[in-house]
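Notes for the one structure printed next.
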Amino acid sequence: MRAAPVRLVLQGALAAVLIALTASPAAAQAPGELLLPVTPACISSSFGARPAGGPRASRVHNGMDLPAPAGAWVRAVGAGQVVGIRRLGARGLEVELRHPNGWRTVYAHLGSVAPALATGRRAVAAGEALGRVGRTGVTYGTHLHLELVIDGARVDPAPHFRVGRCGG
Numbered sequence: 024m025r026a027a028p029v030r031l032v033l034q035g036a037l038a039a040v041l042i043a044l045t046a047s048p049a050a051a052q053a054p055g056e057l058l059l060p061v062t063p064a065c066i067s068s069s070f071g072a073r074p075a076g077g078p079r080a081s082r083v084h085n086g087m088d089l090p091a092p093a094g095a096w097v098r099a100v101g102a103g104q105v106v107g108i109r110r111l112g113a114r115g116l117e118v119e120l121r122h123p124n125g126w127r128t129v130y131a132h133l134g135s136v137a138p139a140l141a142t143g144r145r146a147v148a149a150g151e152a153l154g155r156v157g158r159t160g161v162t163y164g165t166h167l168h169l170e171l172v173i174d175g176a177r178v179d180p181a182p183h184f185r186v187g188r189c190g191g
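Residue numbers (our numbering): 24 to 191.
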C-alpha cells in the first residue's frame, strides 16, 4: 500500500523535470512603461498596416515614427547592451539594443552614432545617448523609427510610452 504514494510522488517529480526541460527559458518579458527616446515626442506613423505613403514606403510598418529635428539626441528607452550598429537599406543607420528581460529595441534613420558606441562601448543606461536623428535610409522627413521586438516578433511600441499621435 505504501508503494503507490511513492510512485505518484516520483511521477509528479518526473513531470516537473520534463516541464522544466521543455519550457522556453528564453521567453522575453514585455517591458512596462519606457523612457521616450526623443523629446518632445508624438507619433507621425503608427505600427501596423498603412496606406502607401510613397513609391518606396512599405505597407506594413514594423515600428512607430517620432518626428524630431536633425541632430536631436536619441536616447535608450531602457538599460541594455548594444547588439548591432549597422546600415540597412530603407532603415538606414540603426542601433539595436537587447534589454535585461530579453526584449529588444531598434533605433533607425540615425544621422550618427554616439561617440562612446562608435568606439566600442556596449553597455548603455536608460536615457543614455545612442546617436542623433538623421535622414538615412528611406525617409520623408527627419524622424526616429523605433521598433520593439519581443520573442522575435515586432510588436507595437506605443502602449509602452506616454505619447500620442501628432496633431491629435
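We treat Cβ as the ideally placed atom computed from N, Cα and C, and that holds for glycine.
All values derive from a computational prediction rather than experimental measurement.
Give me the Cα-Cα distance between residue i and residue j, rounded to the nearest whole angstrom.
| i | j | result |
| --- | --- | --- |
| serine 47 | histidine 168 | Its pLDDT being 40, under 50, serine 47 is placed unreliably by the model, and the measurement read from it follows with that caveat. When rounded, the distance between both Cα atoms is 30 Å. |
| valine 172 | glycine 125 | 9 Å |
| tryptophan 96 | alanine 141 | 15 Å |
| alanine 181 | valine 147 | 22 Å |
| alanine 51 | aspartate 174 | 5 Å |
| leucine 153 | alanine 113 | 19 Å |
| glycine 187 | arginine 144 | 33 Å |
| phenylalanine 70 | leucine 89 | 11 Å |
| histidine 84 | alanine 176 | 13 Å |
| serine 68 | methionine 87 | 6 Å |
| leucine 120 | proline 63 | 22 Å |
In chain order, what residues of the same chain have a beta carbon less than 6 Å from the beta carbon of residue i, not counting five sequence neighbours either side?
| i | result |
| --- | --- |
| alanine 36 | Caution is warranted here: a pLDDT of 41 is assigned to alanine 36, below 50, making its placement in the model unreliable, and no coordinate value can be reported. |
| isoleucine 108 | Val118, Val136 |
| histidine 122 | Gly101, Gly103 |
| proline 54 | Trp126, His183 |
| alanine 43 | With a pLDDT of only 34 at alanine 43, under the threshold of 50, the placement of this residue in the model should not be trusted; the figure read from the coordinates follows. Nothing meets the Cβ criterion. |
Between residue i and the rest of its own chain, which residues show a CB-CB distance below 8 Å, the 5 nearest in sequence each way excluded?
| i | result |
| --- | --- |
| alanine 93 | Gly134, Arg155, Val156, Gly157, Arg158, Thr165 |
| glycine 115 | Ala131, His132, Leu133, Gly157, Arg158, Thr159, Gly160, Val161, Thr162 |
| leucine 58 | Arg98, Ala99, Val100, Gly101, Ala149, Gly150 |
| aspartate 179 | Ser69, Phe70, Gly71, Met87, Leu171 |
| cysteine 65 | Leu89, Pro90, Val186, Gly187, Arg188, Cys189, Gly190 |
With a threshold of 16 other CB atoms inside 10 Å of the CB of residue i, please say whether the residue is buried or exposed.
| i | result |
| --- | --- |
| glutamate 56 | exposed |
| tyrosine 163 | exposed |
| alanine 149 | exposed |
| valine 105 | buried |
| threonine 128 | buried |
| arginine 110 | exposed |
| cysteine 189 | exposed |
| proline 60 | buried |
| arginine 98 | buried |
Please list, in chain order, all residues of the same chain as residue i whose beta carbon is under 7 Å from its beta carbon, the five residues on each side excluded.
| i | result |
| --- | --- |
| alanine 137 | Ala152, Leu153, Gly154 |
| valine 32 | Bear in mind that a pLDDT of 38 at valine 32, under 50, signals an unreliable position, so the number given afterwards is only what the model happens to contain. Contacts found: none. |
If you measure from the beta carbon of residue i to each beta carbon in chain B, is any gap under 8 Å?
| i | result |
| --- | --- |
| alanine 152 | Looking at the structure shown, chain B is missing, and only one protein chain is on hand. |
Assuming residue i and residue j make a contact with CB atoms under 8 Å, what is their CB distance in whole Å?
| i | j | result |
| --- | --- | --- |
| alanine 91 | arginine 82 | 24 Å between Cβ atoms; not a contact. |
My parser needs the alpha helix (DSSP H) runs of 4 or more residues fully inside the stretch 91–141; what are they?
Annotation: the stretch 91–141 contains the following complete segments of the alpha helix (DSSP H) (minimum length 4 residues), in chain order: 138–141.
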